[in-house]
Structures are given as structure tokens and as C-alpha cells.
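Counting from 1, position 52 in the sequence shown corresponds to residue 204 in this note's numbering; the numbering is continuous, with no gaps.
The beta-carbon is built from N, C-alpha and C at its ideal position, and this holds for glycine as well.
One structure is given here, and the rest of the page talks about it.
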Amino acid sequence: MQPHLEINSTCIECDNCLAICPDDAILKSEQNGYTIDTFACTLCGLCIEVCPVDSIKLSTQTNS
């Protein structure tokens, strides 16, 4: 699997990442909180920089 960003359970839903993403790759849902559209995300890292609780990490792991 290609490197991708993941938002973990420490997310406080502050909306910083949602506001700064130039690719509109961060999606917010009432049921699942925030997710990152790995097809839209260009790995620019801006969301990582603005996250106050370090909830966004670069991952190379698969979900198997």
C-alpha cells in the first residue's frame, strides 16, 4: 500500500485540518468523525502541522 495519512482516535474535531486542506481530502461525518480521502490527498502535510493533538500520522501499513 502507498503511504497515506490517517486520523486516529485522539482527534478532538477542532476543524483545523478540514479548513486548511487544499485538496478537500478531509471529510467529516457525524457517525465516523473525520476521515481522509486517500485518492484526493496529495500528502502535503498541512493537516499534520495544524493538528493541536498530533492525531494525523503518515502510515504505510495495510488494513489486513
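What is the rounded straight-line gap between the Cα of residue i and the Cα of residue j?
i: residue 184; j: residue 154; result: 23 Å
i: residue 197; j: residue 159; result: 12 Å
i: residue 188; j: residue 157; result: 7 Å
i: residue 212; j: residue 177; result: 18 Å
i: residue 216; j: residue 172; result: Bear in mind that a pLDDT of 49 at residue 216, under 50, signals an unreliable position, so the model cannot answer this.
i: residue 165; j: residue 209; result: 15 Å
i: residue 181; j: residue 167; result: 12 Å
Below 8 Å on the Cβ atoms is my guess for residue i versus residue j; work out the distance and round it to an integer in Å.
i: residue 162; j: residue 205; result: 5 Å
Could you give the residue range of the alpha helix (DSSP H) that holds residue i?
i: residue 195; result: Unbroken run through residue 195: none, as it is neither H nor E.
i: residue 188; result: From DSSP, residue 188 is part of no alpha helix (DSSP H) but of the beta strand (DSSP E) over 185–188.
Is residue j closer than 7 Å to residue i when the C-beta atoms are compared?
i: residue 193; j: residue 169; result: no
In terms of residue numbering, what span does the beta strand (DSSP E) encompassing residue i cover?
i: residue 208; result: 208–211
Put residue i into one of helix, strand or coil per three-state DSSP.
i: residue 164; result: coil
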